[in-house]
Amino acid sequence: MDPKPCCTICPEYADTPYVGLDMTLFIRKFLSEEEFHDNFNTNDLVNKALVCFSLEDKKPPWKLWGFAYNNPGVEHAEITVLQELSKFWRSNCMKKDSQYKITLYATYSPCLNCCEEICRFLNNKKEKVILNLNISRFYNFHDIDNKISLKILRKYGVQIKMMDLEDFKACFYLFVDPKEQFEPCEELNVHCERNAIELDHLWHELTVDLQLLGHRHTIRFTYDHDQRYDLALVIVESLWGIVKRKMRNIRPNNADELKAAIKATWASITPEQCHRLITSMPRCIDAVGMLGLSEYLEASGQQLEERGLN
DNA sequence: ATTTTCAAT
Numbered sequence: 114m115d116p117k118p119c120c121t122i123c124p125e126y127a128d129t130p131y132v133g134l135d136m137t138l139f140i141r142k143f144l145s146e147e148e149f150h151d152n153f154n155t156n157d158l159v160n161k162a163l164v165c166f167s168l169e170d171k172k173p174p175w176k177l178w179g180f181a182y183n184n185p186g187v188e189h190a191e192i193t194v195l196q197e198l199s200k201f202w203r204s205n206c207m208k209k210d211s212q213y214k215i216t217l218y219a220t221y222s223p224c225l226n227c228c229e230e231i232c233r234f235l236n237n238k239k240e241k242v243i244l245n246l247n248i249s250r251f252y253n254f255h256d257i258d259n260k261i262s263l264k265i266l267r268k269y270g271v272q273i274k275m276m277d278l279e280d281f282k283a284c285f286y287l288f289v290d291p292k293e294q295f296e297p298c299e300e301l302n303v304h305c306e307r308n309a310i311e312l313d314h315l316w317h318e319l320t321v322d323l324q325l326l327g328h329r330h331t332i333r334f335t336y337d338h339d340q341r342y343d344l345a346l347v348i349v350e351s352l353w354g355i356v357k358r359k360m361r362n363i364r365p366n367n368a369d370e371l372k373a374a375i376k377a378t379w380a381s382i383t384p385e386q387c388h389r390l391i392t393s394m395p396r397c398i399d400a401v402g403m404l405g406l407s408e409y410l411e412a413s414g415q416q417l418e419e420r421g422l423n
C-alpha cells in the first residue's frame, strides 16, 4: 500500500512546473470515499494532512475548489492551498466591491507558521474575504504555539470551528465522489463534543506552557472575560515567540508570578519588535487603539503615536 | 492529554 495520496496531477496543471507541489494539489477533483474516511477520521493516527477548499463570491458556482495534502518535509497542506488561491487572485480580475468566501475543511488545525501565512494572505487582499476554517482535530496541542496561533487567527476574523457531525457530512457531500451514504466514524459525536469544548476553553484561557520555563507540567489558568485584559493578553501571546526567548532564565513558581513575568517581559520588548507586530497584525493593533489599550503598549507608545492609534 | 499528530528513534 502506498501511504501517499494517489499521485495523478490535474491535466490542466500537467505542464506547470510546480516545485514540491505537483503530487499534493488537486484542483477541481473530488476525493475518493476512502481518502475521506482515511483522513477525516477522529480515531486513527494519521500522519498526513488534508485540506479541502472552495472559493466563492456571492453566487454559485465555486470559482475554485479542490484539495491538497501536505508535501512531506516540504510544505504543509495549508500553504499549498494558499499558494493556489494567491495564484487565482493574480490571474483573475477580482471585483473590489464583491465579497469572497473561502471555506476550508482541514483534517488538522493549522500550525503557527500556517496561521501566519493565512494572516498574510488576508492582509494582502483589498477585497472583503470571509474565511471559514473547519477543523477535524487539533494538531499537536501540546505545543503552545499551535494554540496561540488559533487565537491570532480568530482575532483576524477567521471563523474557526471544530467540525461536528453536520460539518463532516457537509464536507463529505461537497468533496467526495463517487459517494454512498455518509457513515460517521465510531464515536464521532463524542470526539466532536470534546473538540468543541476544548476550543471554547482555548478562547477563554491564557495558556502558558511552563515546560518551556523548565517546569514539568503545563499550567493552564483562566483570566477574566474583561475585554481589555483579554486583548492585552492576546497581544502578549502574539509576541510569545519573543517572550519565550526572553524568559528562558525566569522561573516563576505560580500563575501570578508567571503573569507578572510575562507583563515585565512584554514591557521590555523593543519598539522594533513591536513594530514587527504592528505590521504583521494591523487588525489586532487597530482594536487595541480603539479600545484605548495603549497603556499596555507603553514600550511601543512611539510606534502607536506614529500610526495615530492612541 | 483523548493524543504515535503535516513521519520516521
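Counting in this note's numbering, the first sequence runs from 114 upward without gaps.
Heads up, the beta-carbon is just placed ideally off N, CA and C, and yes, glycines get one too.
Per DSSP, reduced to three states, the secondary structure at residue 178 is strand. Annotation for residue 154: no beta strand (DSSP E) segment contains it, and DSSP assigns it neither H nor E.
The alpha-carbon separation between residue 138 and residue 285 amounts to approximately 18 Å. Under DSSP, residue 165 forms a beta bridge with 180 and 218. In this structure, residue 153 sits near residue 281, with a CB-CB distance shorter than 8 Å. DSSP links residue 213 through a beta bridge to 242.
Assigned with DSSP and collapsed to three states, residue 188 falls in strand.
Counting C-beta atoms within 10 angstroms of its own C-beta, residue 202 has 16 or more neighbours from the protein chains shown and is therefore classed as buried. Note on geometry: alpha-carbon atoms of residue 187 and residue 255 lie some 23 Å from one another. Between residue 212 and residue 243, the C-beta gap is smaller than 8 Å, which places the two residues in contact.
Taking every protein chain shown into account, the CB of residue 302 has fewer than 16 other CB atoms within 10 angstroms, so this residue is exposed.
Exposure of residue 141 is indicated by the presence of fewer than 16 other C-beta atoms within 10 angstroms of its C-beta. Membership of residue 264 in the alpha helix (DSSP H) is indicated by the continuous run 257 to 268. Short of 6 Å from the beta carbon of residue 194, and not among the five residues preceding or following it, lie these beta carbons of its own chain, in chain order: 164, 166 and 181.
Taking C-beta separations shorter than 6 Å and ignoring five residues to either side along the sequence, the partners of residue 271 in its chain run 244 and 246, following chain order.
The shortest CA-to-CA distance from residue 199 to any of 307, 238 and 253 is the one to 238.
Looking at the DSSP output, residue 289 shares a beta bridge with 144.
Remark: C-beta atoms of residue 217 and residue 260 do not approach each other more closely than 8 Å.
Buried is the label assigned to residue 264, since at least 16 other Cβ atoms lie within 10 Å of its Cβ.
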